[in-house]
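What follows is a single structure, written as structure tokens, with notes after it.
Protein chains: 4
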Amino acid sequence: MTNADDEADAAEANGHPIGETRWVLPGGHVPVDSTGPEPELVSHETLCVLNAGSEAATLEMTLQYANGREAGPYPLTVAPERVRHVRINDLIDPYAPPLGRDYGVVLESNVPVVVQWRRQDTRQAANATLSTVVYGE
Amino acid sequence: MTNADDEADAAEANGHPIGETRWVLPGGHVPVDSTGPEPELVSHETLCVLNAGSEAATLEMTLQYANGREAGPYPLTVAPERVRHVRINDLIDPYAPPLGRDYGVVLESNVPVVVQWRRQDTRQAANATLSTVVYGE
Amino acid sequence: MTNADDEADAAEANGHPIGETRWVLPGGHVPVDSTGPEPELVSHETLCVLNAGSEAATLEMTLQYANGREAGPYPLTVAPERVRHVRINDLIDPYAPPLGRDYGVVLESNVPVVVQWRRQDTRQAANATLSTVVYGE
Amino acid sequence: MTNADDEADAAEANGHPIGETRWVLPGGHVPVDSTGPEPELVSHETLCVLNAGSEAATLEMTLQYANGREAGPYPLTVAPERVRHVRINDLIDPYAPPLGRDYGVVLESNVPVVVQWRRQDTRQAANATLSTVVYGE
């Protein structure tokens with residue numbers, strides 16, 4: 001038995017895998033400008049998903065705006081015992097979402113996962129970062 | 001059936017819409033000074049509300065201070081499947097709240113929503129941002 | 001009936017006031033150095049308490065460290081429908097806690113309140129701020 | 001009876017110690033570069049654990065990545081009524097985890113604890129900090 005198997009067992013020891021299946025992030029706004037070398041210091045917003053369970057997670061990510069129709073759903077898969085960090089800037093399938101606008105994100109997963117949000121803003125030479133665990137239930 | 005309808009169905013698939021009806025943010029303090037071009041880089045604090053449900057959300061936002069009477073309530077509506085980002089600096093109806101003071105925010109909504117807080121502080125040339133999902137129940 | 005009365009009623013409408021009575025913040029570390037004018041831009045860490053209820057809140061705040069005995073308890077009161085932002089740097093009664101060390105905070109309140117943490121770090125000319133709603137139950 | 005005893009009693013007064021036994025942080029990524037004097041201003045990510053109970057906490061910390069096998073488990077102990085702040089950069093036993101990659105953290109504890117995450121990024125002369133209470137259950 002590998003360490004990975006042990007961990008999967010531990011993560012489900014209480015009878016349910018760690019996390020929630022629905023996550024919401026209300027405060028998105030990707031800055032359009034950047035300073036510093038690409039791609040490390042480009043302004044971006046990232047959703048970070050961790051799947052601590054032993055089954056692959058299949059998610060749908062939908063972006064909602066202040067005005068107009070939502071974008072997506074964007075499909076997303078996260079292998080068992082893996083993380084996946086997705087830059088909103090990099091979404092292109094089925095189409096690139098508009099940047100420079102207020103938006104929120106709704107995620108629905110088939111199995112429990114944990115989601116965190118990270119922003120890097122390099123408009124003013126010094127990068128400003130922020131992060132928060134998003135709302136899950 | 002549109003994607004918007006699908007999403008609304010998904011968001012309510014577990015028998016209740018995503019979110020909470022009461023939200024509290026204790027740590028407000030809008031910086032009075034700024035550097036950089038307006039309005040993108042003005043110091044500000046923003047409440048971000050996402051309404052993932054299929055009904056319009058009607059909220060009342062009240063500001064509480066360390067001393068003296070509260071400000072508001074400020075009315076706020078968020079259309080179904082929309083976000084709304086409200087700068088505290090921009091509140092004027094029924095009257096502008098005082099800035100440069102410690103404050104907290106209490107939000108009450110008629111339907112479940114999710115609320116996040118974002119601050120941008122450009123007093124020192126480099127902007128400092130922070131964000132947190134506020135307390136909901 | 002005043003607005004304040006209305007709000008107090010609303011905050012308790014579901015049969016219980018908003019918040020929790022026990023709060024924990026594990027990640028404290030007040031930076032010792034600062035740049036910029038005092039007191040606005042001194043490096044500091046602040047606990048922000050909001051009491052949305054109609055009764056005064058009486059809290060005890062205890063600081064725990066990586067080594068050695070805890071500091072406090074520090075008494076704290078928050079009037080009904082008021083916030084109180086307390087800089088860790090400013091605690092002096094019964095004695096000033098040590099700075100420049102890792103610490104955590106445990107708060108116990110007689111009535112439900114909501115607590116948020118804010119840090120401002122001006123060691124490197126550009127201030128860096130962060131904030132999070134602390135863990136409550 | 002000492003203050004420490006009182007606090008332990010208070011922390012367990014509701015019949016259970018404060019916190020959770022499983023914690024998840026999805027959004028790790030230690031920046032590889034730094035500016036400023038060591039060790040205070042080296043870029044780092046830190047997990048902050050507070051054990052408010054009266055028993056020692058024994059934890060296992062596992063790092064999960066986007067690709068490849070997980071790292072750890074890293075053992076961790078936190079004495080009663082103590083905090084412990086662990087820099088991911090400093091983990092070496094059983095082996096140093098890879099840096100400069102997206103990762104997540106799963107913590108399992110034998111007793112309830114509270115966990116917070118802190119990041120300091122000094123790649124661009126001004127340090128950028130962020131923090132969030134991680135997901136616990």
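Chains as they are written, first to last, in the UniProt record's numbering: chain B, 1 to 137; chain X, 1 to 137; chain W, 1 to 137; chain U, 1 to 137.
For each residue, glycine too, the CB sits at the ideal point set by N, CA and C.
Neighbourhood of residue i by C-beta distance below 6 angstroms, restricted to the same chain and skipping five residues each side
i      : result
X:A66  : D102
U:E58  : The sequence shown places Thr at residue 58 of chain U, rather than the Glu named in the question. Excluding sequence neighbours, U:T58 sits near T77 and N110.
W:L130 : With a pLDDT of 44 at W:L130, under the threshold of 50, the modelled position of that residue is not reliable, and no figure is offered here.
B:T62  : E70, G72, P73 and V106
W:T46  : H85, R87 and R118
U:H29  : D102
X:Q64  : E70 and G104
B:G68  : none
Run of the beta strand (DSSP E) containing residue i, from where it starts to where it stops
i                      : result
B:V83                  : R82 to R87
residue 189 of chain B : Since the first and last residues shown for chain B are 1 and 137, residue 189 of chain B lies out of range.
B:L59                  : A57 to Y65
B:A71                  : A71 to V78
Distance cut-off 6 angstroms: residue i Cβ against heavy atoms of the ligand ADP
i     : result
B:R22 : The ligand ADP is not part of this structure, which contains no ligands at all.
Nonlocal neighbours in the same chain, by C-beta distance under 8 angstroms from residue i, ignoring five residues either side
i      : result
W:V114 : I18, G19, E20, V49, L50, A52, V133 and G136
X:P94  : G72 and Y74
Per-residue contacts from residue i into chain X (C-beta, under 7 angstroms)
i     : result
W:A56 : Neighbours of W:A56 on chain X: none; closest Cβ ~14 angstroms, over 7 angstroms.
B:P26 : C48, V49, L50, V83, V114, V115 and Q116
Helix, strand or coil at residue i according to DSSP, with G and I counted as helix
i      : result
W:A125 : Unreliable positioning characterises W:A125 in this predicted model, as indicated by a pLDDT of 36, which lies under 50. A coordinate reading is not provided.
W:T35  : Below a pLDDT of 50, predicted positions are generally treated as unreliable, and W:T35, at 49, falls in that range; the measurement from the model is reported next regardless. The answer is coil: DSSP assigns W:T35 none of H, G, I, E or B.
U:L41  : Only weak support is given to the placement of U:L41: the predicted model assigns it a pLDDT of 47, under 50, and the question is left unresolved by the model.
8 angstroms Cβ cut-off: residues of chain W touching residue i
i     : result
X:A66 : R82, V83, R84 and H85
Cutoff 7 angstroms; reference residue i; Cβ partners in own chain excluding five residues on either side
i     : result
X:L91 : Y74 and P97
X:P37 : Its pLDDT being 49, under 50, X:P37 is placed unreliably by the model, and the measurement read from it follows with that caveat. Same-chain partners within the cutoff: there are none.
U:P26 : G104
Residues that residue i contacts on chain W, provided the C-beta gap is smaller than 7 angstroms
i      : result
X:D102 : V83 and H85
Proximal residues of chain X, C-beta to C-beta of residue i below 9 angstroms
i     : result
B:E20 : The premise fails here: B:E20 is roughly 10 angstroms from chain X at the closest Cβ pair, so nothing lies under 9 angstroms.
B:V78 : Result: empty, since nearest Cβ-Cβ is about 18 angstroms, beyond 9 angstroms.
Chain U residues whose Cβ lies nearer than 9 angstroms to that of residue i
i     : result
W:E45 : Within chain U, no residue comes near W:E45; the closest Cβ sits about 11 angstroms away, beyond 9 angstroms.
Under 8 angstroms by beta carbon: chain B residues contacting residue i
i      : result
U:V30  : The contacting residues do not exist; U:V30 stays about 13 angstroms from chain B at best.
U:V111 : What U:V111 touches in chain B: nothing, since even the nearest Cβ is about 14 angstroms away.
CB contact below 7 angstroms: residue i versus chain D
i     : result
U:N89 : The chain labelled as chain D is not found among the protein chains of the depicted structure, namely B, X, W and U.
* Asked: Does the segment 76-93 of chain B come close enough to the segment 73-85 of chain U to have 3 or more Cβ pairs within less than 8 angstroms?
  -> no
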